[in-house]
Structure formats: structure tokens, C-alpha cells
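Note sheet for the following structure.
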Amino acid sequence: MKVLSKIYMFLIFGMLYAPIIVLVLFSFNRSGSFNEYSEFSFYWYKELFRDSTALDALKNSLILAALSSVIATLIGTLAAYGISRMKNRYVKTAITSVTNIPMMNPDIVTGVSMMLLFAAASAIPFLTVEMGFWTMLIAHTTFNLPYVILSVLPKFKQMDKHLSEAALDLGCTPGMTFLKVELPFIMPGVISGLMLGFTLSLDDFVISHFVSSSDFKTLPLYVYNQTAHEVKFSMYALCALMVFAILLLMILVNFVGSGKNDNNKKKKRQIKRRQMN
Amino acid sequence: MKRSFLEKAAAVPHIVWMIMFIVAPLLFVIYFAFTDAAGKFTFSNILNLSNYGDIFLMSVLFAFIATVICLLIGYPLAFFMSRLKPSTQKVFVLLLMLPMWISLLIRTYSLLALLDNGGLLNSLLTALNLPAVKIVGTPGAVVLGMVYDFLPYMVLPIYTSLSKLDIKYFEAAEDLGCNGIQTLFKVALPLSRSGVISGITMVFVPSISTFYISQKLGGGRFDLIGDTIERQFLMNNNKNVGAAISLVMMILILISVAVMNRFGDDDGGELIV
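As they're listed, the protein sequences go chains A and B.
So that you can map any letter, position 140 of the first sequence is 915 in the working numbering, and since no number is skipped, the others follow by simple counting.
So that you can map any letter, position 117 of the second sequence is 1029 in the working numbering, and since no number is skipped, the others follow by simple counting.
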């Protein structure tokens, strides 16, 4: 049974990873075909970087991911703070359910609904809405928001209410309490929300597909356009680079997250010990 | 204690953003679904949807088959993972999450690199003097793409609910005379129901709404709901019909998610990020 289960796991994980590994391996294949592996080379990577549209797309993707994740983190962290302090249960439930809509809805519906919003908005006189950077930024911030709130809100719930009460008693204003007591405690949640948002934005294709124009292309959109007609090995190189980037980000997220958690656990243990004494 | 101004105002930017960019867009979907190109109120978009009956049926069928296969493959995987040493479990969870973080577009494309006519599989077969197989462009390829892309979304929630179970349940079941299969059906499955249900939702929803999987792996031969919506919006420029199809799909999904959640435990399905 043990052996069988190991074989089974190996097979399924093999199936999950085989295509990605093939793609990465063959992105280094000079011959640019699957028929022969002529030699290991960075030829297709060089080819990729000679393509200025690819570099533009990379720049656009990074700018968009950074901006949308930062905006979503700012709005979302404040929102999580506000939601955690709400007294009215119904208002709270209403807000969290609406927040979760972009997570529950299929991406294509979110994308289409955004497109319709922008189409309708351009009917308003004196307001020109053109698909491009701004529409992309709004869309990406919107689908990042629920993930930020999802990672920050539990931190507020875990937090001991007495800590902020103590800060207020000792003369902090609510604003100072937020900055000096609450923010440091929720920081791990904020950072993982930020990174999650950054990754989601970098990865998104479906929603961007509906709110973009040819002036402002991100990497996934560029890959989609390039792969519409023929197979290009420089696209394999690009995909391989994106896989590496995600791998790096994921290692970072887990490293940061688990490190902080361990610290918290240690701190809690110390506090408990002190209380017992 | 009175709430301070900060506490009251903190959520306001988010609420404004939500109303403008979540609620309003959905209202526009409804608005466009019930108007014609000139902006007049009409039911014809919704009534004409019967033309798309085959597409809806095929999409539901493909997504259903993919979900069932994901469940059949994914449940044992989640079960085996939950029985590993805790440190090994952590590694496998990471291995499972990595593909979820890689863009679906890239993963679909990498699957295409493997299966395409000039892809690795056929190159290998030719090298071995075997006849090439044509996989891309068949219904099987589309379902395979869905299974491949969305399998981790099935495994992770099931694993989460299984790993919370005390191993003593299984020991007790064995002590009381259950064999492996009985333990699975009488103990593990009922206790991990919430995970199974969120897994099913998380595979079914993206499967039924996908368009690039069917475009890439179906060789453009299969029109699913997603393809139809995409075409109405970006090629035919018929926003009203597109909105009507989106609306109906959204309502179908909401109903099926609500039905699924009724079968779930009181804690509901956990969403895995």
C-alpha cells in the first residue's frame, strides 16, 4: 500500500510537471524543434530580448503588477481594519460577500463586466475612456483587493483587542495606535497580500484580455498574441522565464511567511511563560 | 467604547471602489443583456439564447467530465498526501501550489508543446517509427487540458480538510473491522465533504468558462461558452448578446454553487488561495 501510494503520487506529480519541464528544457534547445536537441544554448533568450515589444510588455507587466498590488494593499488593509471594527453584523457580511464576488465569479465574467463598465462610461460626455493602462490598473486592483483583504483580515481577528486598548489608555491617538500597535502585528498578512496581488497581476490573462488595447500589452497578452498562429521557441523562453520568476516569488513568500510565523509562535510562548511566572 | 473616526472611515475607500468597480459592472451586464444595440429595452437577447443551447450543453458536459476526472484522480492524491510526515507534507503542498501560481495560459501552452502535431510526443513517436497520434483538436484534448490546468484546485481543498482529521478516526475504523475501502467511504469521505465540495466548485467554475483551453487544445473546433462570449465581445462586437450569455452563465454558476454549498458542512467550503 505504501509503495503503491508513492508510485501514484509520483505519477500524478509527474503529469503535473512534465509539460512545464519539457517547455523549460526545450527553451534552451538551439535547433528550435522537438525533433532534435542540438545543443544547449541561450539563443532563444537572446532572440527574445532582441524583440522590443517583448521588453515593453515586460516593463508594462512589472509596472502594472507593482502599482495595482500597492494600491490594493493600501485600500485593502484599511478596509480590513474597518471591517474588523464594524459592529453591525449585517453590514459586515454584506461587505465581505461583495468583496468576494471577483474571487467567486469566473474571470471571463469579471473581464466582460469591466469592459461593459468602461464602454458605458465613455458614453458620458466630457469623459473619454480608452482601453489601456488606466483600465488595466483599475481591473487589476479590483481583482487583487479580495485577496489582500483575505490575507489581512484574519490577522486583525487574531490580534488581542487589549493591546490597542492599552495603547489608547496610555495616550495614543487611534491613528498612532494603528501605526504603532496594529500595523506591526498585521504586517505578515499585509506582505503576503501584497505579494499575492503582485503575482496574480503578473499572471492574469483573461481579465486583461477584455480591458486592454494594443497600446498597452502585458506579458501574458503578448504570449497569447504570439502563440495565436505559430509556435515560436522564443515564447518558450519567455514562458520559462516567467516560471522562474514565479518560483522565486513563491520561495520568497513562503520564506517571509513562515519566518514571521515562527517568530510569533516564539513570542506567544514567551508571553505565556511570563504569565505563568 | 465609541468608535473613532478612523475606525468608521477606514473601509470607505474600499466600499466606494467596490460599488464603482464590482457592483456597477455587474449592473451593466444586466443592462446590456436586456437592451439592443440602440439601447432600447428588449428580451430578444435572452430569448435568442436557445440558439446557443448546444454550446451550453457541450460546455457543461466537458466541465462535468473534467470535474469528475479531477475528483477521481485528486481524492486519492490528497488522501496519500495527508498521510505523509508533516515535513514531507509541506513540501508536497508547495509542489502542488507552484503550478497554481504559474499562469494558466503558460501551462496550457506547455501542454500544447507536448501534445501538438509537431510536439515532443509526436517527435518521439516518429523517432521510434511509430505512427503519430493526433490529440490536439479532439474533445479528449480539451478535457485533458481542463484536468491538467485545474487538478491542483481540486486536490488542495480536499487535502486541507483531510489533514485536519485526527488519525485516530482511521485507527478506530480499522480496529472496529473496516477494511481500507470501507474506511475511505465511511470515514474519510464524509469527514472531508466540505473540501470535496469546494474542490468541485473550484474546478467546475473555471472549466465551464474557459476559452483559451478550447482554442489552443481544441484546435478551434470546439466552441464553449467562454469562446462564444469572447467572440461576441472582441470580434463580433455584439456586446448585448455577449452580456446575455455571460448573465445566464453567471446565474447558472451561482445556482450550482449555492446547491453545492447546501450539501457542504456548516463551515462551508474553504477557499484556498
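Note that CB positions come from ideal geometry on N, CA and C, so glycine has one too.
Residue ranges of each alpha helix (DSSP H) run of no fewer than 4 residues wholly in the region 887-968 of chain A, ordered along the chain?
With a minimum length of 4 residues, the continuous alpha helix (DSSP H) runs that stay inside the region 887-968 of chain A are 908-933, 936-944, 949-952.
According to the neighbour-count rule (16 or more other Cβ atoms, all chains shown, within 10 Å of its Cβ), is Asp882(A) buried or exposed?
Sequence index remark: in the first sequence, residue 882(A) carries index 107 (1-based). So Asp882(A) ends up on the buried side.
Determine the closest residue to Ile913(A) out of Phe985(A), Met1010(A), Gly789(A), with distance taken between C-alpha atoms.
If you number the first sequence from 1, residue 913(A) lands on position 138. Ile913(A) has its Cα closest to that of Phe985(A), out of Phe985(A), Met1010(A), Gly789(A).
Specify the secondary structure class of Asn804(A) as computed by DSSP and reduced to three states.
The residue you call residue 804(A) lines up with position 29 of the first sequence. Looking at Asn804(A) - three-state DSSP - the assignment turns out to be strand.
Restricting to Cα atoms, I'd like to know which of Leu791(A), Ser888(A), Ser939(A) is closest to Leu958(A).
On the first sequence, position 183 is the one that residue 958(A) refers to. Closest option to Leu958(A), Cα to Cα, is Ser939(A).
Alpha carbon to alpha carbon, how far is Leu1017(B) from Phe940(B)? Give it in angstroms, no decimals.
In the second sequence, residue 940(B) corresponds to position 28, counting from 1. In the second sequence, residue 1017(B) corresponds to position 105, counting from 1. Those two C-alpha atoms are separated by around 28 Å.
Given that a residue counts as buried once 16 or more other Cβ atoms are within 10 Å of its Cβ, and exposed if not, what is Leu1024(B)?
Counting from one through the second sequence, the residue named residue 1024(B) turns up at place 112. Leu1024(B) should be labelled buried.
So, is the C-beta of Val1117(B) closer than 8 Å to a C-beta in chain A?
What you label residue 1117(B) is simply residue 205 of the second sequence in a count that begins at 1. Chain A contact via Cβ: present.
For chain B, find out if any of its Cβ atoms is closer than 8 Å to the Cβ of Asp944(A); answer yes or no.
The sequence position of residue 944(A) within the first sequence is 169, counting from 1. No, because no Cβ of chain B sits closer than 8 Å to the Cβ of Asp944(A).
Could you please give me the residues that DSSP links to Ser988(A) through a beta bridge?
Residue numbering aside, residue 988(A) sits at position 213 when the first sequence is read from its first letter. DSSP lists Phe991(A) as partners of Ser988(A).
Which residue comes first and which comes last in the alpha helix (DSSP H) that contains Leu842(A)?
Taking the first sequence and counting its residues from 1, the one referred to as residue 842(A) is at position 67. First-last of the alpha helix (DSSP H) with Leu842(A): 827-859.
Quick check on the burial criterion: 16 or more other C-beta atoms within 10 angstroms. Buried or exposed for His915(A)?
For the purposes of this step, residue 915(A) is identified with residue 140 of the first sequence, where counting begins at 1. Under this definition His915(A) is a buried residue.
Could you pull out every residue in the same chain whose Cβ sits closer than 7 Å to the Cβ of Ser916(B), ignoring the five residues on either side in sequence?
Mapped onto the second sequence, residue 916(B) falls at position 4. None.
With the cut-off set at 8 Å, would you say Lys955(A) and Ala941(A) are in Cβ contact?
Translated into positions along the first sequence, residue 955(A) becomes position 180. Translated into positions along the first sequence, residue 941(A) becomes position 166. No. Outside cutoff.
From the DSSP output, in three-state form, read off Thr947(B) for me.
As a first step, residue 947(B) must be located in the second sequence, where it is residue number 35. DSSP places Thr947(B) in strand when its eight states are reduced to three.
Tell whether a beta-carbon distance below 8 Å holds between Val1054(B) and Phe1134(B).
Within the second sequence, residue 1054(B) is the residue found at index 142, counting from 1. Within the second sequence, residue 1134(B) is the residue found at index 222, counting from 1. Yes; because the gap between Cβ atoms is below 8 Å, this pair is in contact.
Given Glu1086(B), which residues of its chain have a CB within under 8 Å of its CB, disregarding the five upstream and five downstream residues?
Here residue 1086(B) is taken as the residue at index 174 of the second sequence, counted from 1. Thr1095, listed in sequence order.
Please report the distance separating the alpha-carbon of Met889(A) from that of Pro937(B).
Within the first sequence, the letter at position 114 stands for residue 889(A). Within the second sequence, the letter at position 25 stands for residue 937(B). Roughly 5 Å between the two C-alpha positions.
How about Lys1035(A): is its C-beta nearer than 8 Å to some C-beta of chain B?
The sequence position of residue 1035(A) within the first sequence is 260, counting from 1. Note on Lys1035(A): pLDDT 49, under 50, position unreliable in the model; the coordinate value appears next. False, the Cβ-Cβ gap to chain B never drops below 8 Å.
Can you find at least 3 beta carbon pairs, one from the region 785-805 of chain A and one from the region 976-984 of chain A, that sit closer than 8 Å?
Taking 8 Å as the limit for Cβ pairs, the verdict is that the region 976-984 of chain A does not touch the region 785-805 of chain A.
Specify, as a first and last residue, the run of the alpha helix (DSSP H) that Ile981(B) falls within.
As a first step, residue 981(B) is located in the second sequence; it is residue number 69 there, counting from the start. Run containing Ile981(B): 965-994, per the alpha helix (DSSP H) assignment.
Counting beta carbon pairs with one atom in the region 926-935 of chain B and one in the region 864-878 of chain A, are three or more of them shorter than 8 Å?
Contact between the region 864-878 of chain A and the region 926-935 of chain B is present, because at least three Cβ pairs lie under 8 Å.
Just the C-alpha distance for Met930(B) and Gly886(A), rounded to the nearest angstrom, thanks.
Within the second sequence, residue 930(B) is the residue found at index 18, counting from 1. Within the first sequence, residue 886(A) is the residue found at index 111, counting from 1. Whole-angstrom Cα-Cα distance: 15 Å.
Using 8 Å as the Cβ pair cut-off and three pairs as the minimum, do the region 1070-1088 of chain B and the region 987-1001 of chain B touch?
Contact holds: three or more Cβ-Cβ distances are below 8 Å.
Is DSSP giving Asn980(A) helix, strand or coil here?
On the first sequence, position 205 is the one that residue 980(A) refers to. Note that residue 980(A) corresponds to Phe in the displayed sequence, not to Asn. Three-state result, Phe980(A): coil.
For Val927(A) and chain B, any beta-carbon pair shorter than 8 Å?
For the purposes of this step, residue 927(A) is identified with residue 152 of the first sequence, where counting begins at 1. So, not an interface residue.
At least one CB of chain A closer than 8 Å to the CB of Met1162(B): is that the case?
For the purposes of this step, residue 1162(B) is taken as the residue at position 250 of the second sequence. Chain A contact via Cβ: present.
Shorter than 8 Å from the beta carbon of Tyr888(A) to some beta carbon of chain B?
Working through the first sequence from its first residue, we reach residue 888(A) at position 113. First, the amino acid is wrong: residue 888(A) is Ser here, not Tyr. Chain B, which has a Cβ nearer than 8 Å to the Cβ of Ser888(A), makes this yes.
Quick check on Ala847(A): buried or exposed, where buried means 16 or more other Cβ atoms within 10 Å of its Cβ?
Here residue 847(A) is taken as the residue at index 72 of the first sequence, counted from 1. With 16 or more Cβ atoms within 10 Å of its Cβ, Ala847(A) is classed as buried.
Sorted by chain position, which residues of the same chain lie with C-beta nearer than 7 Å to Asp1139(B)'s C-beta, five sequence neighbours on each side aside?
As a first step, residue 1139(B) must be located in the second sequence, where it is residue number 227. Counting only Cβ-Cβ distances below 7 Å, and skipping sequence neighbours, we find Phe1123, Ser1126, Gln1127.
Applying a beta-carbon distance threshold of less than 7 Å, which residues of chain A neighbour Ala936(B)?
Taking the second sequence and counting its residues from 1, one reaches residue 936(B) at position 24. The contacting residues are Leu892.
Could one say the Cβ of Tyr997(A) lies closer than 8 Å to chain B's Cβ atoms, at least one of them?
Locating residue 997(A) in the first sequence gives position 222, where the first residue counts as 1. Not closer than 8 Å to any Cβ of chain B, the Cβ of Tyr997(A) fails to qualify, so no.
Could you confirm whether any beta carbon from chain B is found closer than 8 Å to the beta carbon of Tyr856(A)?
As a first step, residue 856(A) is located in the first sequence; it is residue number 81 there, counting from the start. With 8 Å as the cut-off, Tyr856(A) counts as an interface residue toward chain B.
Any beta carbon from chain B within less than 8 Å of Arg860(A)'s own beta carbon?
Locating residue 860(A) in the first sequence gives position 85, counting from the first residue. Chain B contact via Cβ: present.
Output needed for Ile870(A): all residues of its chain with C-beta closer than 7 Å, excluding positions within five of it in sequence on either side, in chain order.
Translated into positions along the first sequence, residue 870(A) becomes position 95. Excluding positions up to five away in sequence, the list reads Ile858.
Which residue from Leu830(A), Phe908(A), Lys781(A) puts its Cα closest to that of Leu1013(A)?
Walking along the first sequence from the start, residue 1013(A) turns up at place 238. Here the closest residue by C-alpha is Leu830(A).
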